[in-house]
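Take a look at the structure below.
The following block contains the structure:
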């Protein structure tokens with residue numbers, strides 16, 4: 001299991017969306033993603049209510065990921081970069 005915040009950039013500020021991934025998604029994400037990677041996600045919305053230490057009811061919302069598509073260009077191998085004509 002991995003929990004993280006997904007940044008969605010808007011004109012003036014970023015919005016951070018809590019996400020959770022499990023099993024094979026975690027393996028793929030840890031291997032191919034880094035901070036700032038562009039992704040397309042699919043998942044279900046989880047809304048939970050809880051009582052905090054002051055007795056107030058709070059609500060948390062997060063996305064339980066079911067699919068992640070990596071949108072960044074695949075980095076070129078160094079050997080291939082050396083042979084590029086530009």
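Residue numbers (full-length UniProt numbering): 1 to 86.
Every residue, glycine too, gets a C-beta built ideally from N, C-alpha and C.
* **Secondary structure of residue 62, DSSP reduced to three states** => Walking along the chain shown from the start, residue 62 turns up at place 62. Strand at residue 62.
* What are the uninterrupted segments assigned as alpha helix (DSSP H) that are 4 or more residues long and contained completely in the region 6–56, given in chain order? -> 23–32
* To do: Could you tell me how far apart the beta carbons of residue 63 and residue 41 are, in whole angstroms, since I believe they sit closer than 8 Å?
  => To locate residue 63, count along the chain shown from 1; it is residue 63. To locate residue 41, count along the chain shown from 1; it is residue 41. Indeed they touch by this definition, with Cβ atoms about 7 Å apart.
* Taking 9 Å as the CB-CB limit, is residue 16 close to chain C? -> Protein chain content of the structure displayed is limited to a single chain, and chain C is not contained in it.
* Asked: Between residue 66 and the rest of its own chain, which residues show a CB-CB distance below 6 Å, the 5 nearest in sequence each way excluded?
  -> Against the chain shown, residue 66 aligns to sequence position 66. Close CB contacts of residue 66 within its chain, under the 6 Å cut and outside five residues either way in sequence, are with 42 and 43 (chain order).
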